[in-house]
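Residue numbers (my numbering): 6 to 579.
Notes for the one structure printed next.
Structure follows, in C-alpha cells:
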C-alpha cells in the first residue's frame with residue numbers, strides 16, 4: 006500500500022511539473038508573440054501553444070482545421086504555404102514562408118520542421134511556428150521608403166533617381182537611344198523663403214513637385230534632388246514626350262500662379278538646364294552634372310530661361326573650378342599684389358590720388374584678370390578674405406609713402422557689395438586706419454550700383470557712418486547698368502566716376518557727349534568731385550578739361566603699376 010501511494014505521489018509530482026512547464030512555455034510563447042502548432046499525423050491531432058486566435062478566428066483541433074488558414078491568407082501565397090504546412094507537399098524537412106493576411110497589413114512567418122519515422126520514412130510529426138513580423142515588415146518598408154523617396158514631396162530622391170538613370174544609360178547604350186535630362190531650379194527661392202517664410206517655401210516645393218510628378222511614366226522619371234532643385238529624365242524623348250514639348254508645358258503652367266493653403270497664391274519662374282545622352286556625356290552622374298552646370302549658367306544669364314549643354318560649357322566650368330581652387334591656395338599663401346593707377350587734376354595735372362588694384366599670378370606665372378577671378382571670388386564668398394587683405398595692404402603702403410615722401414593724396418580702394426554687408430566692416434576698417442596711423446580723410450572707398458541695389462536704406466546708413474569718420478565715398482562706373490538719379494539725391498558721396506564706356510565714344514557720338522556734359526554739370530552743382538576713367542588720348546583729355554571734369558584717370562597719364570613704380574610718380578609730382 007505504501008509503495009502504491011509513493012507511485013501515485015510521484016506521478017502527481019511529475020504531472021504537476023509538466024503542467025508548470027506547459028504554463029511556462031505558454032507564457033514564453035505569448036510574450037514572444039510566437040505560436041507553436043504540434044501536428045501528430047499518426048493520431049490526426051493537433052496541440053497548440055500561443056495566441057492563435059489573435060490572427061485566425063477558429064480553433065485548431067484536428068489536421069483538417071489547417072485548411073481554414075488558407076481562407077485568411079492572400080491567394081498568391083497559398084501554394085507555397087501548403088508546401089510549408091502539409092507533409093505530402095513537403096520536399097525537405099524544413100520550410101519557411103513570409104505571407105500577408107487578407108485583412109490589413111498583418112504579416113506572418115510560417116516555419117516548419119518535419120519529423121519522419123526512421124523505419125518507414127513516412128511523416129510522423131510536424132512542428133509549425135508562426136511569428137507576427139508585421140512590425141519588422143513595417144520598419145523595413147519605412148527604410149525602403151527613406152532609401153527611395155524624398156520625405157517632403159514623396160518624389161524619388163536623388164540617390165534612387167541616379168540608380169534608375171544608371172540603368173537607363175546602360176539600356177540606351179544597347180538600344181542606341183537618347184536620354185534627355187532636365188535640371189529645374191526655382192528662381193529667387195531664397196527671396197521667397199526670406200519674404201514669405203520657410204513654411205510657404207516648403208509648401209511651394211511640395212506643390213510644384215506634385216505638378217512635375219504628373220509627367221512621370223514608363224519613360225519619364227522625376228526627382229526632388231534637394232532644396233528647390235528637381236530632375237526629370239526622359240527616355241527616347243520624341244513626340245508628346247519630347248524635351249521641347251515638356252519644357253513648353255512647364256512654362257505654360259508657370260504663367261498661372263500656384264495655389265497654396267489658406268487661399269495664398271504665388272507666381273514664380275524657373276531656370277532649366279538640359280543635357281543629352283550620349284551627346285553630352287557617357288555616364289549618369291556626368292549627365293546630371295552637365296545639366297546642373299548649364300542650369301547655373303541659365304540662372305547667371307538672367308533666370309527664367311532654358312539652356313542646352315554644350316562641351317565648351319564644361320571646359321569653362323572646369324576652368325572656373327580650377328581658378329577657385331587656386332584662389333583658395335593664393336589666399337592661404339598670400340600670393341596677391343597691389344598695383345596702383347594714378348589720378349590727376351585735369352587743370353594742373355598734379356597728382357590727385359591713386360586707385361589700388363589687385364593683381365594675381367597663378368601657379369604657371371600667368372596673370373589672371375580681375376574680371377575673371379573677382380566674380381568667382383564673390384560667388385564663393387572668398388571676396389571677403391581678399392577684400393580684407395586689399396584694404397589692409399593699401400592702407401599699409403599708403404602709410405609708408407606718407408612717411409617716406411611727406412605727402413598727402415587720396416588712396417582709392419574698391420569695395421565689394423559682400424564686404425559692405427558684413428556687420429563688422431566699418432569697425433574693422435577704422436581699426437586698420439588706427440593701426441597704420443592714417444587719417445581717414447585720405448581714404449576713398451569706391452562702391453558700385455550692386456552695393457546699392459540689395460538694401461539701399463541700410464547701405465546709406467553705413468555710408469553715413471563712414472562719412473562721420475571722415476572717409477570719402479566714390480560712386481564707381483556711373484552711367485552703366487541701371488544708374489538712377491534718385492541715388493545721387495540720397496547718397497552721401499564725395500566723388501562720381503564717369504565710366505570708360507562714355508569716355509571711349511565721347512568725341513564721336515553726339516548722344517554720349519550730351520550725356521557726359523550733363524553728368525559733369527549736374528554733379529558739379531551737387532557739390533561732388535568727378536573722375537573720368539579710361540582716358541587714353543590727348544583729345545579726350547582736352548575735351549574733359551574743357552567741360553570742367555575735375556580729375557583724369559587712364560593710360561594717357563598712367564597705367565596700373567607696381568608700388569615701386571608708383572613711388573616714382575609720387576616723387577615727380579612733388
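Note that CB positions come from ideal geometry on N, CA and C, so glycine has one too.
With 16 other CB atoms within 10 Å as the buried threshold, where does residue 275 fall? On the chain shown, position 270 is the one that residue 275 refers to. Label assigned to residue 275: buried.
Looking at the strands, I want to know which residues DSSP matches up with residue 185. Position 180 of the chain shown, counted from the first residue, corresponds to residue 185. Looking at the DSSP output, residue 185 bridges to 239, 281.
Residue interval of the alpha helix (DSSP H) (run including residue 215): Within the chain shown, the letter at position 210 stands for residue 215. Residue 215: member of the alpha helix (DSSP H) spanning 203–218, first to last residue.
Paired residues, beta bridge with residue 165 - DSSP: The residue labelled residue 165 in the question sits at position 160 within the chain shown. For residue 165, no pairing in a beta bridge is given by DSSP.
Any contact between the stretch 498–515 and the stretch 529–539? By contact I mean 3 or more CB pairs, one from each, below 8 Å. With the cut-off at 8 Å, the stretch 498–515 and the stretch 529–539 touch.
Look at the alpha carbon of residue 373 and the alpha carbon of residue 183, and state the distance between them as a whole number of angstroms. The residue given as residue 373 occupies position 368 in the chain shown. The residue given as residue 183 occupies position 178 in the chain shown. Between residue 373 and residue 183, the alpha-carbon positions lie close to 39 Å from each other.
Quick check on DSSP: helix, strand or coil for residue 95? Locating residue 95 in the chain shown gives position 90, counting from the first residue. Model confidence at residue 95 stands at a pLDDT of 49, short of 50, so the residue's coordinates are unreliable and nothing is read from them.
Let me make sure I understand the geometry here. Which of 295, 83, 247, 47 has the alpha-carbon closest to that of residue 125? For the purposes of this step, residue 125 is taken as residue 120 along the chain shown, with counting starting at 1. Among 295, 83, 247, 47, the Cα nearest to that of residue 125 belongs to 47.
Roughly how many angstroms separate the alpha carbons of residue 193 and residue 208, rounded to a whole number? In the chain shown, counting from the first residue as 1, residue 193 sits at position 188. In the chain shown, counting from the first residue as 1, residue 208 sits at position 203. If you take the alpha carbons of residue 193 and residue 208, they lie about 15 Å apart.
In chain order, what are the residue ranges of uninterrupted alpha helix (DSSP H) at least 4 long that sit wholly in the stretch 75–145? Segments of the alpha helix (DSSP H) lying fully in the stretch 75–145: 83–90.
Helix, strand or coil for residue 567? Go by DSSP, reduced to three states. The sequence position of residue 567 within the chain shown is 562, counting from 1. Residue 567 falls in the strand class under three-state DSSP.
Between the Cα of residue 551 and those of 538, 522, 159, 578, spot the shortest distance and give me the residue it belongs to. Counting from one through the chain shown, the residue named residue 551 turns up at place 546. That would be 522, whose Cα lies nearest to the Cα of residue 551.
Please state whether DSSP places residue 44 in a helix, a strand or coil. Along the chain shown, read from residue 1 onward, the residue named residue 44 stands at position 39. In the structure shown, residue 44 sits in a strand (DSSP, three-state: E or B).
Taking 8 Å as the threshold (C-beta atoms), are residue 39 and residue 51 in contact? Mapped onto the chain shown, residue 51 falls at position 46. Mapped onto the chain shown, residue 39 falls at position 34. No, these two residues do not count as a Cβ contact at 8 Å.
May I have the straight-line CA-CA distance separating residue 328 from residue 426, to the nearest angstrom? Within the chain shown, the letter at position 323 stands for residue 328. Within the chain shown, the letter at position 421 stands for residue 426. Each residue's alpha carbon lies about 25 Å from the other.
I need the boundaries of the alpha helix (DSSP H) containing residue 537, first residue and last residue. Counting from one through the chain shown, the residue named residue 537 turns up at place 532. Here residue 537 belongs to no alpha helix (DSSP H); instead the beta strand (DSSP E) covers 534–537.
Consult DSSP for residue 512 and reduce its assignment to one of helix, strand or coil. As a position in the chain shown, residue 512 is number 507, starting the count at 1. Three-state DSSP puts residue 512 in coil, outside helix and strand.
Residue range of the unbroken beta strand (DSSP E) whose run includes residue 227: Taking the first residue of the chain shown as 1, we reach residue 227 at position 222. 225–231 is the extent of the beta strand (DSSP E) around residue 227.
With 16 other CB atoms within 10 Å as the buried threshold, where does residue 99 fall? The residue labelled residue 99 in the question sits at position 94 within the chain shown. Exposed, since its Cβ has fewer than 16 Cβ neighbours within 10 Å.
I need the straight-line Cα distance from residue 540 to residue 506, nearest angstrom please. The count along the chain shown starts at 1 and reaches residue 540 at position 535. The count along the chain shown starts at 1 and reaches residue 506 at position 501. Between the C-alpha atoms of residue 540 and residue 506 there is a straight-line separation of about 10 Å.
Pairwise C-alpha distance: residue 231 and residue 487: Translated into the one-based positions of the chain shown, residue 487 becomes position 482. Translated into the one-based positions of the chain shown, residue 231 becomes position 226. Residue placement at residue 487 is poorly supported in this model, since its pLDDT is 49, which falls under 50; the coordinates still yield a value, given next. In a straight line, the C-alpha of residue 487 is about 34 Å away from that of residue 231.
C-alpha distance - residue 133 paired with residue 143, whole-angstrom precision: As a working note, residue 133 is residue 128 in the chain shown. As a working note, residue 143 is residue 138 in the chain shown. Going from the Cα of residue 133 to the Cα of residue 143 covers about 24 Å.
Tell me the rounded alpha-carbon separation between residue 95 and residue 89. Here residue 95 corresponds to residue number 90 of the chain shown, with the count starting at 1. Here residue 89 corresponds to residue number 84 of the chain shown, with the count starting at 1. Because residue 95 sits at a pLDDT of 49, beneath the cut-off of 50, its placement in the model cannot be relied upon, and the point is left open.
Suppose you measure from the CA of residue 262 to the CA of residue 228; what does that come to, to the nearest Å? As a first step, residue 262 is located in the chain shown; it is residue number 257 there, counting from the start. As a first step, residue 228 is located in the chain shown; it is residue number 223 there, counting from the start. So the two alpha carbons sit approximately 22 Å from each other.
Just how far apart, CA to CA, sit residue 78 and residue 135? Start at 1 with the first residue of the chain shown, and residue 78 comes out as number 73. Start at 1 with the first residue of the chain shown, and residue 135 comes out as number 130. Residue 78 and residue 135 have their C-alpha atoms some 13 Å from each other.
Below 8 Å, can you find three or more Cβ-Cβ pairs linking the stretch 208–217 to the stretch 163–182? Taking 8 Å as the limit for Cβ pairs, the verdict is that the stretch 163–182 does not touch the stretch 208–217.
Report the rounded CA-to-CA distance for residue 474 versus residue 432, giving the unit in angstroms. Along the chain shown, read from residue 1 onward, the residue named residue 474 stands at position 469. Along the chain shown, read from residue 1 onward, the residue named residue 432 stands at position 427. Spanning the alpha carbons of residue 474 and residue 432 requires a straight line of approximately 11 Å.
Does the Cβ of residue 481 have 16 or more other Cβ atoms within 10 Å, making it buried, or fewer, making it exposed? Translated into the one-based positions of the chain shown, residue 481 becomes position 476. Buried: at least 16 other Cβ atoms inside 10 Å.
Do residue 579 and residue 412 count as a contact pair if the criterion is CB distance below 8 Å? As a working mapping, residue 412 is identified with position 407 in the chain shown. As a working mapping, residue 579 is identified with position 574 in the chain shown. Contact: yes.
Anticipated Cβ contact below 8 Å, residue 305 with residue 189, distance rounded: Locating residue 305 in the chain shown gives position 300, counting from the first residue. Locating residue 189 in the chain shown gives position 184, counting from the first residue. Between residue 305 and residue 189 a beta carbon distance of about 16 Å is seen, past the 8 Å cut, so the two are scored as non-contacting.
Does DSSP put residue 339 in a helix, in a strand, or in coil? Start at 1 with the first residue of the chain shown, and residue 339 comes out as number 334. Here residue 339 carries a coil assignment [DSSP, helix/strand/coil].
Does the stretch 403–410 touch the stretch 320–339, meaning 3 or more C-beta pairs lie closer than 8 Å? Taking 8 Å as the limit for Cβ pairs, the verdict is that the stretch 403–410 does not touch the stretch 320–339.
Straight-line Cα distance separating residue 564 from residue 543: Mapped onto the chain shown, residue 543 falls at position 538. Mapped onto the chain shown, residue 564 falls at position 559. Rounded to whole angstroms, residue 543 to residue 564 spans 15 Å at the Cα level.
Who are residue 419's beta bridge partners in DSSP? Position 414 of the chain shown, counted from the first residue, corresponds to residue 419. Here residue 419 is bridged, per DSSP, to 451.
Let me know if residue 233 comes out buried or exposed under the rule of 16 or more other beta-carbons within 10 Å of its beta-carbon. In the chain shown, the residue the question calls residue 233 occupies position 228. Looking at its Cβ environment, which holds 16 or more other Cβ atoms inside 10 Å, residue 233 is buried.
Nearest-angstrom Cα distance between residue 391 and residue 452? For the purposes of this step, residue 391 is taken as residue 386 along the chain shown, with counting starting at 1. For the purposes of this step, residue 452 is taken as residue 447 along the chain shown, with counting starting at 1. Going by C-alpha positions, residue 391 is about 16 Å away from residue 452.
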